[in-house]
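Chains as they are written, first to last, in the working numbering: chain A, 3 to 445; chain B, 3 to 445; chain C, 3 to 445; chain D, 3 to 445. Structure, as structure tokens:
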């Protein structure tokens with residue numbers, strides 16, 4: 003049997019293939035000469051599965067899609083302070099090659115426009131690295147995002163350098179504001195090498211999936227950049243990634259995205275997947291015509307819009323039951339699923355609203371697959387308050403999803419691997435044992 | 003026992019109370035005379051629980067916070083086409099009172115700046131409604147979002163009208179472009195009444211929670227606007243809600259938000275909660291100084307940032323087990339949790355990668371609390387393909403979480419309420435019966 | 003015999019009449035319905051002679067051509083300080099209906115754009131005048147420039163008011179910046195009445211001639227505004243009169259000018275003449291197509307360009323001769339023409355370079371028709387220095403072209419009506435004849 | 003005896019010397035290290051007399067003052083078409099180092115901003131000249147304007163090149179728009195050599211005087227550029243020479259001018275004189291503080307403002323008298339002074355209004371020192387019409403101020419050197435004396 007996802011992708015490509023509007027980028031022969039009929043799309047899940055259709059193995063230059071990744075590298079290599087001091091995060095409402103510098107400081111408005119991207123390139127690698135080493139660092143970094151060794155298309159790179167007047171203009175302007183502090187030509191050269199890295203739609207989907215997967219490449223398992231960096235990069239892609247069409251994209255597609263002039267387009271959906279399309283004909287904003295159509299289709303068909311409100315997790319509290327009686331009575335609260343603030347709040351509320359009468363309280367998180375920090379703290383604070391109210395509290399946590407379970411001053415909790423380890427429960431009715439036995443089977 | 007959430011809010015207020023920087027809005031006496039020391043914060047969950055601390059019952063004027071809600075009403079009353087034809091969705095990178103119209107058309111760039119907000123106001127209610135009825139419609143709508151009857155502060159409204167020169171200028175400019183097609187004074191007057199609606203921080207939290215809850219007021223259960231409208235409104239809040247500080251907010255706070263000049267500030271976290279703060283001293287952007295601090299604190303403490311990638315739902319497939327043997331063999335796949343594309347993909351992949359050898363396949367969704375449309379379709383397509391491969395397929399769905407379970411041409415599925423209804427399984431080991439019995443208890 | 007100037011004008015009109023490009027202004031019916039084929043041109047000299055050809059007696063509305071005259075009235079009525087505090091003098095490089103206000107202050111960039119013109123209108127008449135009286139003042143003032151009583155076209159005015167959304171927008175914006183301090187509607191109404199004043203091409207030529215004639219109407223002899231005001235108005239017309247085509251006009255035509263949307267166009271050439279044309283079809287800048295052609299022709303045919311360097315007045319010193327001998331010797335310096343700095347300098351230089359040996363020095367200005375203030379001062383200072391060097395100095399000035407001939411401390415001069423009144427010269431009848439006969443030698 | 007002009011200049015310098023506000027340019031050490039107390043001023047008349055006070059022999063770099071002169075050279079070397087195709091003439095309202103390019107074409111708005119000045123530099127010399135030869139051409143040209151061989155300050159030039167990031171940025175931007183079509187670095191280098199030419203205030207005054215003298219250096223008598231070029235250059239100086247203070251300068255000073263960052267400032271008053279000042283401390287616009295004060299003083303003291311309307315030449319017609327009687331009767335019209343359109347018009351009008359009854363008409367221009375082309379044509383047309391009316395016409399023109407005196411078809415004129423050569427008049431000796439004695443009556 004075959005998965006319907008490739009079929010879906012095939013169908014999507016079929017639906018857009020007839021649209022031959024737009025044109026390949028014309029400013030250098032290498033791009034102008036690209037086969038305009040190429041068409042491909044790929045999904046990469048955050049556990050590394052890749053689905054593709056069409057030309058997903060054809061190499062083309064990454065161009066501006068390198069910008070968010072180089073930004074991630076710069077943030078990672080130099081830290082937030084030095085990078086934010088030189089490149090802002092505000093949407094410019096302008097085309098990619100506008101200068102868009104802040105009035106007084108000359109700081110580029112964001113890292114997605116060329117001025118910001120060149121500055122970002124100059125901030126990759128260790129401070130003081132020479133241009134060649136810096137390029138090496140960037141190619142290494144992009145390769146790490148992709149999960150395979152990438153290389154530069156030297157012909158495109160040489161041609162770009164010949165037509166780099168506008169970028170040289172911008173770089174000299176940045177130098178005049180001391181946003182760049184070195185020879186602008188070296189920065190432009192390095193930046194154009196970065197843009198000339200060859201990728202396939204498959205590579206791009208994997209690079210996007212690395213962002214969607216909190217910075218860890220799903221295939222290699224290697225952490226490329228930290229989570230805080232990923233959050234910053236995705237935020238900037240969401241507001242500045244599509245240049246002067248940012249608002250249209252945000253409302254209609256709603257996925258942090260980035261396009262490149264060679265026809266690539268990526269989207270990264272946090273916690274879910276990376277998407278890439280490839281089709282070289284561009285619209286007036288410089289975005290791939292069929293790529294934009296595909297993304298609109300994907301978001302509509304698949305409910306990927308960031309503001310598509312998911313149904314609430316109503317069932318965080320799987321069960322809330324009393325067992326035993328009198329002095330032996332135990333209150334057992336079983337939680338499940340992934341717990342974030344909204345879920346933790348409901349759990350806490352349930353306990354507050356119906357305070358346990360039983361002397362012992364068991365919080366069973368063995369079916370919780372994740373709990374974020376605020377929820378962990380709320381849970382532990384609840385434990386502390388239960389202790390202060392005179393309860394003995396047990397935490398069933400066989401996989402240690404609640405790290406460092408210290409409820410703080412006045413609180414106390416006994417962590418056990420199995421509910422059977424809670425004293426009295428052990429002797430209880432077999433129903434629970436059976437239940438537990440059943441549960442173990444299910445896991 | 004007391005919930006720790008009010009304690010948390012109290013603590014947060016304590017931490018910011020000392021910051022008396024900024025100043026109340028000075029352009030009308032009513033705002034200038036506001037008590038600058040007021041401070042309050044409220045959370046409203048999407049099932050209607052409100053937590054508050056400080057001045058959450060003090061009334062103040064809603065001001066620009068009315069903008070996203072009026073935008074929602076206009077989209078709802080007139081449809082997307084007519085509204086988008088007159089108001090864009092692009093960030094302006096400019097302050098709230100900039101004119102920011104598109105060059106040729108005079109279309110305001112977005113509904114969060116005054117030009118866009120006045121145009122939006124003019125698009126509420128039925129086409130052709132007189133100004134007074136339109137105002138009534140807006141107040142009704144805001145009241146529906148809040149879940150209680152709101153009223154206008156007539157003194158503030160009168161004072162606003164006296165100082166409305168800039169808004170009148172903008173409205174006349176819109177009239178000259180035929181974006182407005184009626185007397186501009188009536189629109190300005192109605193818009194200022196909209197801005198003069200009195201709310202409390204509690205109201206605002208509930209209004210934001212209505213957005214977070216897909217347009218349904220958590221308390222009244224009444225649908226105020228549709229889901230597509232909510233998605234549009236939240237998208238625009240995310241990119242345009244904080245004016246010229248949009249990028250800073252998007253990276254540092256990451257919650258769709260809107261501020262008002264009387265000191266209110268709201269944030270709506272899709273599927274989770276609504277947040278509101280109230281503190282009248284404003285910073286240079288016109289945002290509440292302590293409100294911004296509180297939101298930064300909330301997002302950091304509580305992991306609310308939109309791009310904070312949640313841990314993946316690894317356990318969508320709760321179990322995948324064979325039962326019985328030979329001709330009686332059944333493959334039982336039990337799903338759990340909320341299923342969106344990424345989860346559905348994993349389930350599908352599991353089936354594809356390990357195709358069931360058994361003639362009968364049971365897909366048990368009784369522990370699934372939600373499934374979105376794409377996942378439903380993937381599930382049904384999988385069913386169809388299983389049928390085509392010769393399997394008999396059963397769907398255990400007692401709560402009908404999979405609506406309209408038609409697998410399409412060539413597919414066939416038997417929907418049952420309980421796994422016991424699947425023929426052969428019935429005779430199986432009692433363990434399962436017990437498990438099921440236990441499960442029912444847990445629900 | 004007939005003057006060739008009307009013939010010239012007729013010929014010029016014939017040459018442009020075939021050009022029917024452009025279109026009448028379309029924003030109100032009264033202008034749209036104007037006969038587009040009307041064509042007229044008029045010259046008015048600074049002593050009141052008017053030459054006309056074509057439709058010079060047809061009335062049309064003055065529109066923006068009222069702006070420089072109202073600016074003159076405001077400067078005259080309120081003084082430079084209060085007017086410059088509210089309206090700047092910088093070219094905006096923008097179209098007439100752009101708002102073009104200074105960032106912080108809201109001050110309109112110049113009085114030729116609508117924002118500046120409305121502010122200027124509000125500054126005419128005495129401070130505190132009501133709108134109706136102010137309009138009366140402006141119509142009186144425009145009439146004084148034209149030399150006949152002008153009146154308002156009520157139909158056009160009413161129609162303008164109906165389509166005044168953009169002007170109302172601008173006026174409210176000015177009110178919000180407190181550049182206007184009264185009800186904006188009253189200012190717009192008054193301004194539109196000002197624009198609706200009916201004039202003919204003959205009127206406009208006379209109005210321009212009044213500016214060219216230092217503010218005195220050539221026909222009535224009445225001073226309408228002061229010379230300093232005229233200098234300011236002409237300067238602003240030169241840099242801001244033609245909106246976004248200011249540089250083209252300055253280089254190609256080089257005459258301070260102003261156009262109106264009803265088809266009028268004026269130019270004022272300081273000290274020479276006023277020019278007006280009338281042809282209702284407008285180009286993309288809002289200037290009369292055939293009017294612009296006519297002005298280009300006039301400046302080229304007639305050498306009217308401000309930067310057309312006139313041949314220098316080489317013969318300021320008409321003769322420099324000694325008469326008599328020994329103790330009776332007299333040095334006679336005869337000046338001629340109009341004397342400005344450059345001429346005075348040459349005279350002074352001649353005396354310095356060849357200091358008179360004679361005890362008496364006669365400066366004869368009886369053939370000088372004008373002398374400006376700096377030249378007067380230089381002449382008197384020369385007299386003073388001659389006195390200090392021991393000379394007796396006589397000034398022959400029968401028409402008192404050198405007012406207040408006081409050479410200052412240590413200087414002394416005897417003013418006489420005729421050279422014969424200089425003591426010793428008296429007896430020398432005939433010598434003068436010789437001198438005159440010898441004029442060719444002096445040259 | 004000493005001229006009062008140097009005294010005046012000394013006095014003017016004394017009045018401003020105390021003002022030590024502003025600061026020397028800081029962007030390169032050579033300028034920063036300039037002696038800020040230097041102060042000088044010079045006037046150069048159009049016949050080559052130079053008056054100076056203070057530091058008029060101190061050399062400094064010409065900087066932006068080279069711009070109008072290089073523009074003149076480009077217009078002269080390449081013609082108007084090619085230069086206007088690449089550099090506009092519109093005021094930018096922006097500072098000197100703004101990019102200020104037209105949106106679509108990338109054409110710099112005017113030649114006084116750096117973008118326009120570098121483009122202008124690239125258009126000097128013959129098309130295709132190499133950068134070094136072009137620089138030689140520019141230095142030759144500037145030297146011709148100054149009347150002495152100028153040289154480059156190599157130290158300043160080298161330092162400028164090190165700090166040329168912004169100019170390099172602009173030049174690369176121009177290259178990207180193909181406004182420049184060669185290596186931008188060569189253009190910037192050449193432009194900076196142009197700016198590094200050493201001049202004194204005396205040189206600058208002479209350069210300005212060359213413009214004021216229609217393009218002929220007053221000392222060398224050599225024509226540097228043509229009159230049409232001078233008109234264009236002065237027009238652009240008038241509207242764009244003082245950057246964002248253009249309107250203030252136009253109204254308050256009213257002299258076409260240009261400033262340089264080393265402290266120089268020039269003004270050229272067509273037909274009168276060139277002015278230069280030198281004082282290195284600059285104001286916020288980059289103009290010399292004391293230089294601006296001096297020019298304000300000069301224009302006010304000396305009536306140099308372009309819009310300062312001079313008293314009209316009322317006496318163009320010196321006398322209009324009949325002589326002889328009956329068949330011998332002659333009408334003698336004596337003209338005087340410099341005749342431009344306004345004067346010619348008065349003469350023509352006098353003849354038209356009082357048509358001569360005498361068969362012979364004598365037009366005596368022996369006391370006319372100049373007549374422009376339009377006036378010449380009007381005079382000859384009058385002659386033609388007089389002929390057609392049956393008159394014999396004589397022109398007394400001993401110095402041939404009326405070139406090519408052909409009255410055209412049907413006209414006839416006899417040119418004589420002296421009125422005595424007119425047949426009948428010859429016998430009337432003495433009549434002329436009477437006429438002269440009666441001159442006062444004619445006025």
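Just so you know, even glycine gets a beta-carbon here, dropped at the ideal spot from N, CA and C.
- Taking 8 Å as the CB threshold, residue 174 of chain B lines the interface with chain C.
- Between residue 217 of chain C and residue 227 of chain C, the CB-CB gap stays under 8 Å.
- Per DSSP, the unbroken beta strand (DSSP E) holding residue 259 of chain C starts and ends at 259-261.
- In the DSSP assignment, residue 124 of chain A falls within the alpha helix (DSSP H) that extends over 116-124.
- Using a Cβ-Cβ cut-off of 8 Å, residue 304 of chain D counts as an interface residue toward chain C, since at least one Cβ of chain C sits closer than that to its own.
- When DSSP reads this structure, residue 284 of chain B sits in a beta bridge with B:25, B:290.
- Restricting attention to A:263, A:306, A:232, the CA atom closest to the CA of residue 253 of chain B is found in A:232.
- Shown here, residue 274 of chain C sits in coil according to DSSP, grouped into three states, outside any helix or strand.
- Within 9 Å of the CB of residue 171 of chain C, the CB atoms of chain B belong to 101, 170, 171, 172, 173, 174, 175, 176, 177, 178, 186, in sequence order along the chain.
- Beta-bridge analysis with DSSP links residue 67 of chain B to no other residue.
- Think of a sphere of 8 Å around the beta carbon of residue 91 of chain A: the chain B residues whose beta carbon falls inside it are 249, 250, 252, 253, in chain order.
- Within the DSSP bridge table, the entry for residue 212 of chain B names no partner.
- At a cut-off of 8 Å between beta-carbon atoms, residue 167 of chain A makes contact with chain D.
- Within the same chain, Cβ atoms closer than 7 Å to the Cβ of residue 33 of chain B are found at 26, 27, 263, 264, the five residues on either side in sequence being excluded.
- Under the 8 Å criterion on CB atoms, residue 123 of chain B is classed as non-interfacial with respect to chain A.
- Residue 7 of chain D carries a helical assignment under DSSP once its states are collapsed to helix, strand and coil.
- Setting aside the 5 residues that flank it on each side, residue 371 of chain A is surrounded in the same chain by 339, 340, 403, each with a C-beta closer than 8 Å to its C-beta; the list follows chain order.
- At a C-beta separation below 8 Å, residue 6 of chain B has these neighbours in chain A: 350, 380, 383, 384, 387.
- DSSP places residue 240 of chain B in the helix class (H, G or I) of the three-state scheme.
- Under the 10 Å beta carbon count, residue 4 of chain D is surrounded by fewer than 16 other beta carbons and is classified as exposed.
- In this structure, the alpha-carbon of residue 150 of chain C lies about 8 Å from that of residue 205 of chain C.
- Residue 225 of chain D is bridged by DSSP to D:218.
- Inside the region 356-440 of chain A, DSSP marks whole alpha helix (DSSP H) runs of 4 or more residues at positions 375-390, from first to last along the chain.
- Shortest Cα-Cα distance from residue 237 of chain A to any of A:394, A:294, A:284, A:308 involves A:308.
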